[in-house]
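Structure first, commentary second.
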Amino acid sequence: MKPLSLFIVFSVVLLNYIALVSALSFTLPPGQEKCLREEVHKDVLVTGEYKLSEAPHQKTHLTVTDSTGHVLYKREEATKGKFAFTTDDYDMYKVCIESEGQAGGGVDREVSLTVKHGVEAKNYEDLAKAEKLKPMEVELKRLEDLADAVVNDFAYMRQREQEMRDTNESTYSRVLYFSVFSILCLFGLATWQLFYLRRFFIAKKLIE
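Below you can see the structure in the form of structure tokens.
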């Protein structure tokens, strides 16, 4: 891999781990839906916490789905809560909050939504209590998990690069074969035309 490509990949990985936590606060008017989308790798823990301001007699629903529409979590009349799931595959996951009612009517709801995945989603305090780890050991465990995640990201990017290279090589081979086939067809057509014209001219006694 070229130095520039390596730098770009490393930058992407760093940005990815800077954004391990997505915290949003927004206003949700009646009759509208707002969604948060996250690309997450396979076998990664994803956790979320949400809280909505009070709005009597106004229902708001929260749904978490993958790119196929499979529902991972759903809460009717959501007001406050948490959710967690482990990803089955590398995919785009979507958290949507929908407020019932008609636009322009009802009360706007203030929504606070925090989504964590990977290292940041793990509860290291519970791990420390369960395994009786010292603070330094907990931090080392966290750094170890982060390093593993970075290595997995590099491996995935390397795999994607190889797949793209294979695709490019396959496309190049197909274009090359098609070009050779086209040239042979044109050569055959030109030969046939010369043969046909020669016979035509001989028949018309224009040439001997």
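In mature numbering (1 follows the signal peptide of the UniProt record, and there is no 0), the protein residues as written are -23 to -1, 1 to 185. Built from N, CA and C at the ideal position, the CB exists for glycine as well. Here the structure is a predicted model, which is why all the values come from computation and not from measurement.
For the options Phe178, Val17 and Thr4, the alpha carbon positioned closest to that of His94 is the one of Val17.
For Leu161, the three-state secondary structure derived from DSSP is helix. Contact check for Glu75 and Glu15: beta-carbon distance about 18 Å, past the 8 Å limit, so the pair fails to qualify. A direct Cα-to-Cα measurement between Gly25 and Arg52 gives close to 13 Å.
In the displayed model, Glu53 falls within coil according to three-state DSSP, outside both helix and strand. In terms of Cα proximity to Lys99, the closest of Gln79, Leu123 and Thr148 is Leu123. DSSP lists Met69 as the bridge partner or partners of Glu16. When DSSP reads this structure, Ser89 sits in a beta bridge with Ser2 and Lys28. Annotated as proximal: Val84 and Gln35, with beta-carbon spacing under 8 Å. Excluding its 5 nearest sequence neighbours in each direction, Glu54 has C-beta neighbours in its own chain below 6 Å: Lys36, listed in chain order. Here Gly8 carries a coil assignment [DSSP, helix/strand/coil].
Looking at the backbone, the Cα of Gly78 and that of Pro6 are separated by about 9 Å. Note that the C-beta distance between Ser2 and Val88 is below 8 Å. In the structure shown, Val41 falls within a strand segment according to DSSP collapsed to helix, strand and coil.
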